[in-house]
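Working notes, structure below.
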Amino acid sequence: MTSFISRSFTLQGGFTTGIEGPACDRDGNVYAVNYGRQGTIGIVTQDGDARIWTQLPDGSVGSGIRFDANGDMLVADYAQHHIFKIDMSTKELSVWVHEPDMHQPNDIAIARDGTLFASDPDWNSGRGRVWRIDQKGRAAIVDEHCGTTNGIELSPDESRLYVSESVQRTIWVYELDEDKNMVSKRMLIQFSDCLLDGMRCDMEGNLYATRYGRGTVAVISPEGELQHEVRLLGKNPTNLTFGGPDGTSCYVTISDQGNLERFKVDVPGRCWGMWR
71 MTSFISRSFT
81 LQGGFTTGIE
91 GPACDRDGNV
101 YAVNYGRQGT
111 IGIVTQDGDA
121 RIWTQLPDGS
131 VGSGIRFDAN
141 GDMLVADYAQ
151 HHIFKIDMST
161 KELSVWVHEP
171 DMHQPNDIAI
181 ARDGTLFASD
191 PDWNSGRGRV
201 WRIDQKGRAA
211 IVDEHCGTTN
221 GIELSPDESR
231 LYVSESVQRT
241 IWVYELDEDK
251 NMVSKRMLIQ
261 FSDCLLDGMR
271 CDMEGNLYAT
281 RYGRGTVAVI
291 SPEGELQHEV
301 RLLGKNPTNL
311 TFGGPDGTSC
321 YVTISDQGNL
331 ERFKVDVPGR
341 CWGMWR
């Protein structure tokens, strides 16, 4: 594959329009929510073969997926205000976090020590919040003065937290101290059109952000400069992750096509680097 040229990775229509996630395990498989029907988690092999991997409990619908240092899967269940933990060997599911005060846990970011950050949009009011969840599963609001929070990601050195606001088309950067407390907040970049969705960093700190409705992934430097945009086949990308043998395969979930696309990048992704 040529760098930054996106191609279909799975068949169109295999996933519902609610396709989200995604995340790669140590073996290079990609997981994304809502394969075939709502409430499932699908698995996609390195060859692009997809199938249902597990079914979430009745009434639950997944959104963001991450893996912790032990290899367990964490899944944000926006419908029931849960974050699930799933044992990858047994598929045993437990509730890691239940926070009824959340509007909905949408996307999640994870630090090496297991600390989670969750975006919490309220689509009706156009506002949102950011939560931090410690290693014991205790949740606390760290910013309640936000727009419609959606994508969320940590920098490779974990000194920064990036949060996108979908409707406001803005990405904010929070400076963090050693204990993952937020020290300051400032705007990183704002776009003039379309929506923002999920985000991931590469190992050099560049931020990859999905632009829903525009059909691109924006690549943004740590200084907030738009370096370029990767053109996708679909118009409504919802999220992305990095994987492959060397961490330079970028997988993008596409809502309007119900599939994943893939393109090569020059620098491995942070989420892949956390396994190393």
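Under the numbering used here, the first residue of the sequence shown carries the number 71, and numbering increases by one thereafter.
Ideal Cβ placement from N, Cα and C applies to all residues, glycine included.
Nothing here was measured: the structure is a model prediction, and the numbers come from that model.
Exercise. Can you name, in chain order, every residue of its own chain whose Cβ lies under 6 Å from the Cβ of P292, other than the five neighbours on each side?
Worked result: Taking the sequence shown and counting its residues from 1, one reaches residue 292 at position 222. Same-chain partners within the cutoff: G275.
Exercise. Helix or strand or just coil, what does DSSP make of C216?
Worked result: Counting from one through the sequence shown, the residue named residue 216 turns up at place 146. It is a strand residue.
Exercise. Helix, strand or coil: which one does DSSP assign to W342?
Worked result: On the sequence shown, residue 342 is found 272 positions in, with the first residue counted as 1. If DSSP states are grouped into helix, strand and coil, W342 belongs with the helices.
Exercise. Where do the N-terminal and C-terminal ends of the beta strand (DSSP E) with D183 fall, by residue?
Worked result: Reading the sequence shown from its first residue, position 113 is the one you call residue 183. Where D183 is concerned, there is no enclosing beta strand (DSSP E), given that its DSSP letter is neither H nor E.
Problem set entry | Buried/exposed call for N140, threshold 16 Cβ in 10 Å | Reading the sequence shown from its first residue, position 70 is the one you call residue 140. Counting Cβ neighbours within 10 Å, N140 comes out exposed, since fewer than 16 surround it.
For this session: Kindly give me the distance between the Cβ atoms of G221 and G268, rounded to whole angstroms, as I take these residues to be in contact under 8 Å.
Result: Counted from its first residue, the sequence shown places residue 221 at position 151. Counted from its first residue, the sequence shown places residue 268 at position 198. Yes, G221 and G268 are in contact; Cβ-Cβ is about 4 Å, under 8 Å.
For this session: State whether the region 177–186 contacts the region 205–225, with contact taken as three or more CB pairs (one from each stretch) at a distance under 8 Å.
Result: yes
Problem set entry | Integer Cβ distance of T323 from A102, believed to fall under 8 Å | In the sequence shown, the residue the question calls residue 323 occupies position 253. In the sequence shown, the residue the question calls residue 102 occupies position 32. Confirmed, about 5 Å.
Problem set entry | Boundaries (first-last residue) of the beta strand (DSSP E) holding H152 | Reading the sequence shown from its first residue, position 82 is the one you call residue 152. Start and end: H152 to I156.
Problem set entry | Residue nearest to E235 in terms of C-alpha spacing, selected from I178, G328, H168 and R199 | Here the question's residue 235 lines up with position 165 in the sequence shown. That would be R199, whose Cα lies nearest to the Cα of E235.
For this session: Whole angstroms is fine: what's the gap from W123's alpha carbon to D171's?
Result: Counted from its first residue, the sequence shown places residue 123 at position 53. Counted from its first residue, the sequence shown places residue 171 at position 101. Their backbone Cα atoms lie some 30 Å apart in a straight line.
Problem set entry | Start-to-end residues for the beta strand (DSSP E) that takes in S236 | Taking the first residue of the sequence shown as 1, we reach residue 236 at position 166. Note, S236: premise wrong, no beta strand (DSSP E); not H, not E.
Exercise. If you drop the 5 nearest sequence neighbours on each side, which residues of the same chain put their C-beta closer than 8 Å to that of D336?
Worked result: Indexing the sequence shown from 1 puts residue 336 at position 266. Correct list, in chain order: S73 and T318.
Exercise. DSSP state of N276, grouped into three classes?
Worked result: Working through the sequence shown from its first residue, we reach residue 276 at position 206. Looking at N276 - three-state DSSP - the assignment turns out to be coil, as it is neither helix nor strand.
For this session: Following the continuous beta strand (DSSP E) through K206, name the residue where it begins and the one where it ends.
Result: On the sequence shown, position 136 is the one that residue 206 refers to. K206 -> no beta strand (DSSP E), and no H or E assigned at all.
Exercise. Which residue or residues does DSSP assign as beta-bridge partners of A93?
Worked result: Along the sequence shown, one-based indexing puts residue 93 at 23. Y101.
Exercise. Going along the chain, which unbroken runs of the beta strand (DSSP E) with 3 or more residues stay wholly within the region 284–310?
Worked result: 286–290 and 296–301
Problem set entry | Beta-carbon gap between L302 and V287 smaller than 8 Å | Here residue 302 refers to the residue found at position 232 when the sequence shown is read from its first residue. Here residue 287 refers to the residue found at position 217 when the sequence shown is read from its first residue. In contact: L302 and V287 (Cβ atoms closer than 8 Å).
Exercise. Relative to the ligand NAP, is the shortest distance from any of its heavy atoms to the C-beta of S189 smaller than 7 Å?
Worked result: No copy of the ligand NAP appears in this structure; indeed no ligand is present at all.
For this session: Could you tell me the distance, in whole angstroms, from the CA atom of L81 to the CA atom of E248?
Result: Position 11 of the sequence shown, counting from 1, holds the residue named residue 81. Position 178 of the sequence shown, counting from 1, holds the residue named residue 248. Distance between the alpha carbons of L81 and E248 is about 43 Å.
Exercise. Is it buried or exposed for L144, if we count other Cβ within 10 angstroms and need 16 for buried?
Worked result: Within the sequence shown, numbered from 1, the residue matching residue 144 stands at position 74. So L144 counts as buried.
Exercise. Run through DSSP, which three-state label would S319 get?
Worked result: Taking the first residue of the sequence shown as 1, we reach residue 319 at position 249. Strand at S319.
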